[in-house]
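Notes for the one structure printed next.
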Amino acid sequence: GIQVEQSPPDLILQEGANSTLRCNFSDSVNNLQWFHQNPWGQLINLFYIPSGTKQNGRLSATTVATERYSLLYISSSQTTDSGVYFCAVSSNDYKLSFGAGTTVTVRA
Amino acid sequence: EAGVTQFPSHSVIEKGQTVTLRCDPISGHDNLYWYRRVMGKEIKFLLHFVKESKQDESGMPNNRFLAERTGGTYSTLKVQPAELEDSGVYFCASSPSRRHGGAYEQYFGPGTRLTVT
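If you read the protein sequences in the order shown, they are chains A and B.
The numbering used here numbers the first residue of the first sequence as 1 and each following residue consecutively.
The numbering used here numbers the first residue of the second sequence as 1001 and each following residue consecutively.
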């Protein structure tokens, strides 16, 4: 199956700081999703981004499919951004392979 | 529009007992998936339904796990008999189908936390 590596594993930020999370994957994909797992454990969809760039408020994401990586940018971080961020990919549109996640802690 | 719902949110059972988890996908989504995260491990795919048919059950760990999707609506995942290593969080997800094949992004339910003692 596809291998997914996320970095860094942990990230501590001061409120207001910017950060970049990275997701590397081992094969061609036709589905790539970023999720935020909130304190209650729910996976919240952030982006569906198999290629290109998207922005949603303070968050943006870029996937360079030919180089097999995706980046998630968090700008002006807030304490509510804390949680685990997962990258998940699929090569057949269906079966998602997840990375181990990046745990983000934003301090006030 | 209601999201993916799962029941129960938590279940604590003893080793050897049976547990049935339920998932209600987003209305109109043909594709339904089960995933799980066991302690310290990554979220792993279990199986995929298209309507009532199992398309891929390559992730099912063994024959103690049985998934069904009657009528192509809600799905159940039964674990019988449960073992200690089955403890974890079981997620259900759903997605709409593309007109000419394939599927769009998956939306996840809140998960069922299963504890086997």
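Glycine included, each C-beta is placed from N, C-alpha and C at the ideal position.
### Residue span of the beta strand (DSSP E) that contains Arg68 of chain A, given as start and end
No beta strand (DSSP E) holds Arg68 of chain A; DSSP gives it neither H nor E.
### Task
Could you tell me which residues DSSP pairs with Gln14 of chain A in its beta bridges?
In the DSSP assignment, Gln14 of chain A forms a beta bridge with A:Arg107.
### Task
Using three-state DSSP, classify Thr80 of chain A as helix, strand or coil.
The answer is helix: DSSP assigns Thr80 of chain A an H, G or I state.
### Query
At what residue ranges does the region 1037-1086 of chain B contain a whole run of the beta strand (DSSP E), taking only runs of 3 or more?
If we require 3 residues or more, the beta strand (DSSP E) runs fully inside the region 1037-1086 of chain B come out as 1044-1050, 1053-1056, 1065-1068 and 1075-1079.
### Task
Work out the CA separation of Thr1073 of chain B and Glu1052 of chain B for me, nearest whole Å.
Going by the C-alpha atoms only, they are around 8 Å apart.
### Query
Does the separation of the CB atoms of Val1089 of chain B and Arg1064 of chain B fall below 8 Å?
No, these two residues do not count as a Cβ contact at 8 Å.
#### Entry: Within chain A, partners of His1010 of chain B - CB distance below 8 Å
Chain A residues near His1010 of chain B: none, gap ~11 Å exceeds 8 Å.
### chain B contacts from the region 92-103 of chain A (Cβ-Cβ distance under 9 Å)
In summary, the residues of the region 92-103 of chain A whose CB is separated from some CB of chain B by less than 9 Å are Asn92, Asp93, Tyr94, Lys95, Leu96, Ser97, Phe98, Gly99, Ala100 and Gly101, in the order they occur in the chain.
### Task
List the endpoints of the continuous beta strand (DSSP E) containing Ser1095 of chain B.
Judged by DSSP secondary structure, Ser1095 of chain B falls within the beta strand (DSSP E) whose first and last residues are Gly1088 to Ser1095.
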